[in-house]
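Data block below; observations after.
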Amino acid sequence: MEIRKIKEFTQRNPHISLNVFGYDEESDKIIGPLYCDGVEMRIHINLLFVDGPTAGFHGHYVWIKNISSLLAKQLGKHRVKRWFCNQCLQYSTSEERAAQHTLRCSRVVTEGPRKDQKITFKNHHRQLEVPFVVYADFECILEPVTLDVSANTKIINKHVPVAFAYYIKCAFDSGLDKFVSKTGGDVARTFIKNLTSDLSDLYENHMKIVVPMHMSHNELDNFRKATICHIYIRDDMELKFDTSEYPDELAELYKFKKCNKKRLGFFKDELHELEVSIVLGKCLPRRSLHGYLLK
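Each position in the sequence shown, counted from 1, maps to that position plus 1392 in the numbering used here.
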């Protein structure tokens, strides 16, 4: 029986409730539940679903006679009796606490999407590739202090930076990747100085330069015929406004511009840059579109 069909079985047998747990082979632990009735009936059964050894073998169910004994082995060698919740696998060290938890846990309901509801997300600009990313980290030591700020607050240590490292990763040229690390005194000031110098160099030599965009005939034709925003993908987002007032080179830009007017953080100056760059037959400045690099 497939897990998704268990609900049909419990509906035909209302005096029985079922929970199904899984087994993670990599961690060698019981996980789940993969299926949970929510309300335990007079007859409650816990099952363990074990995947088959081959693709053609779909697995089987094993009856869990005592779930506490099964899960206790995952928590160490201490032989303390534990009461596990059949719905979330949290445990208590007393039967009274376990009963209180079960009462609260049974009231938790996972709200799923409606059948006509589509999954959406915000921050569409995070789908765009950025030309450079900086990963930075500091190492500190704890230095004892004796400052007495107030009666309710006692400062016992302060973090003193003693080392830093940062890694600059380039999306279009691995030769521009750079790793820097320093130790010693005044590393915070050194960090700002070095990073500012490196990023200024990248901006002046790579991000500030407008590079021509080379498009094939097919790419240009697909670009001009586009009616759906490549970022905000939804069936009801077909662009149904007139662009005949604009030159061919700008029509597609205004489709994208109007589609994303309230969805992407464009500024007026940035849109002007986009228009000028297309008219000149150049690619977008790399600093436009929140640092998105068009290649």
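Every residue, glycine too, gets a C-beta built ideally from N, C-alpha and C.
Please read these numbers as outputs of a predicted model, since none were measured by experiment.
Residue i versus the options, residue with shortest Cα-Cα distance
i: Ile1398; options: Leu1594, Ala1563, Asn1438; result: Asn1438
i: Met1599; options: Thr1582, Phe1564, Asn1458, Ala1490; result: Phe1564
i: Tyr1527; options: Val1537, Ala1557, Arg1499, Ile1548; result: Ala1557
i: Val1579; options: His1551, Ser1484, Glu1596; result: His1551
i: Ala1490; options: Ile1601, Asp1613, Cys1477; result: Cys1477
i: Leu1495; options: Thr1588, Glu1400, Val1431; result: Val1431
i: Gly1424; options: Ile1459, Met1393, Phe1401; result: Ile1459
i: Trp1455; options: Phe1413, Glu1521, Glu1418; result: Phe1413
i: Asp1529; options: Thr1575, Asn1544, Leu1594; result: Thr1575
i: Pro1523; options: Ala1618, Ile1601, Glu1400, His1606; result: Ile1601
i: Ile1533; options: Gly1577, Ile1511, Asn1515; result: Gly1577
i: Ile1435; options: Thr1402, Thr1588, Glu1503, Val1442; result: Thr1402
i: Phe1583; options: Tyr1559, Ser1566, Lys1617; result: Tyr1559
Range of the contiguous beta strand (DSSP E) that encloses residue i
i: Phe1441; result: 1435 to 1442
i: Glu1535; result: 1524 to 1536
i: Cys1562; result: 1549 to 1562
i: Leu1426; result: 1421 to 1428
i: Phe1615; result: Taken as a continuous stretch (DSSP letters only), Phe1615 belongs to no beta strand (DSSP E), being part of the alpha helix (DSSP H) at 1609 to 1617.
i: Thr1494; result: Per DSSP, Thr1494 belongs to no beta strand (DSSP E); it is in the alpha helix (DSSP H), 1487 to 1497.
i: Leu1481; result: From DSSP, Leu1481 is part of no beta strand (DSSP E); its letter is neither H nor E.
Nearest-angstrom beta carbon gap, residue j and residue i [assumed within contact, 8 angstroms]
i: Met1433; j: His1407; result: 6 angstroms
i: Val1525; j: Lys1570; result: No, Val1525 and Lys1570 are not in contact; Cβ-Cβ is about 12 angstroms, not under 8 angstroms.
i: Val1572; j: Asn1586; result: 6 angstroms
Distance CB(residue i)-CB(residue j) smaller than 8 angstroms
i: Asp1429; j: Asn1411; result: yes
i: Ala1555; j: Glu1535; result: no
i: Leu1481; j: Leu1463; result: yes
i: Gln1479; j: Cys1497; result: yes
i: Trp1475; j: Ser1461; result: no
i: Lys1395; j: Tyr1427; result: Here residue 1395 is Ile; the residue named in the question, Lys, does not match the sequence. Cβ distance < 8 angstroms, so Ile1395 and Tyr1427 count as in contact.
Enclosing alpha helix (DSSP H) for residue i [first to last residue]
i: Val1579; result: 1579 to 1594
i: Leu1462; result: 1459 to 1464
beta-carbon residue i near the ligand PLP non-hydrogen atom, thresh 7 angstroms
i: Ser1592; result: The ligand PLP is not part of this structure, which contains no ligands at all.
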